[in-house]
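A.B. asks: In my numbering, the protein residues as written are 30 to 162.
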Amino acid sequence: MRDIPTSDDIERFRIACPANTPPEFIAFHIRHGAVKMDIESVGSGLVWLWPIRDVLQYSREYGFDEFAPGLLGIGSDGGGELYAIDVRDGSSGGVGDIPATSLQWEDFRQLASSFAEFADTLLAGTPIVEPDA
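1. Using a threshold of 9 angstroms, state whether the C-beta atoms of L175 and F137 are closer than that.
2. Starting from I127, follow its DSSP beta bridges and name the residues at the other end.
3. How far does the beta strand (DSSP E) with A141 in it extend, from its first residue to its last?
4. Let me know if T50 comes out buried or exposed under the rule of 16 or more other beta-carbons within 10 Å of its beta-carbon.
5. Considering only residues of the same chain and omitting the five flanking positions on each side of Y112, which have a CB-CB separation below 6 angstroms?
6. Would you mind sorting P156 into buried or exposed? The rule is 16 or more other CB atoms within 10 Å of its CB.
Shown next as structure tokens:
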């Protein structure tokens with residue numbers, strides 16, 4: 030299930046997302062949707078990018094706004110690590126992981142200097158295809 034967003038999903042995200050959200054992040058979702066990938070070189074080896082229509086809600090619910098302002102949560106490894114983009118003013122949009130239990134900037138570990146670089150790594154992984162419910 031790739032969960033390709035609708036044009037309404039994209040427009041709602043563009044209106045509400047942080048100003049420094051990399052355009053490559055939105056373009057990735059338009060083309061690939063929410064993906065689950067098995068990637069040995071990234072974190073625990075699993076990357077699940079949340080559907081773009083859920084990114085802002087999940088990021089808020091995990092507490093990024095309160096505990097790690099300037100990070101936009103974008104996904105999970107399903108086991109306690111969250112993936113996020115640095116969307117602070119002047120940042121290059123680096124992507125990294127951070128423990129869901131701490132959400133402190135000092136625990137953010139940059140994995141790629143940009144979303145485009147992260148996407149290249151992501152697409153080199155093996156898709157995890159789950160049967161439709």
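The C-beta atom is built at its ideal place from N, Cα and C for all residues, glycine as well.
C.D. replies: Quick answer:
1. The question about residue 175 has no answer, for the chain in this structure spans 30 to 162.
2. Taking the sequence shown and counting its residues from 1, the one referred to as residue 127 is at position 98. Beta-bridge analysis with DSSP links I127 to L111.
3. Here residue 141 corresponds to residue number 112 of the sequence shown, with the count starting at 1. Per DSSP, A141 belongs to the beta strand (DSSP E) from 138–141.
4. Taking the first residue of the sequence shown as 1, we reach residue 50 at position 21. T50 should be labelled buried.
5. As a first step, residue 112 is located in the sequence shown; it is residue number 83 there, counting from the start. Counting only Cβ-Cβ distances below 6 angstroms, and skipping sequence neighbours, we find I103, G104, D126.
6. Residue 156 sits at position 127 when you count from the first residue of the sequence shown. With a 10 Å radius around the Cβ and a threshold of 16 neighbouring Cβ atoms, P156 comes out exposed.
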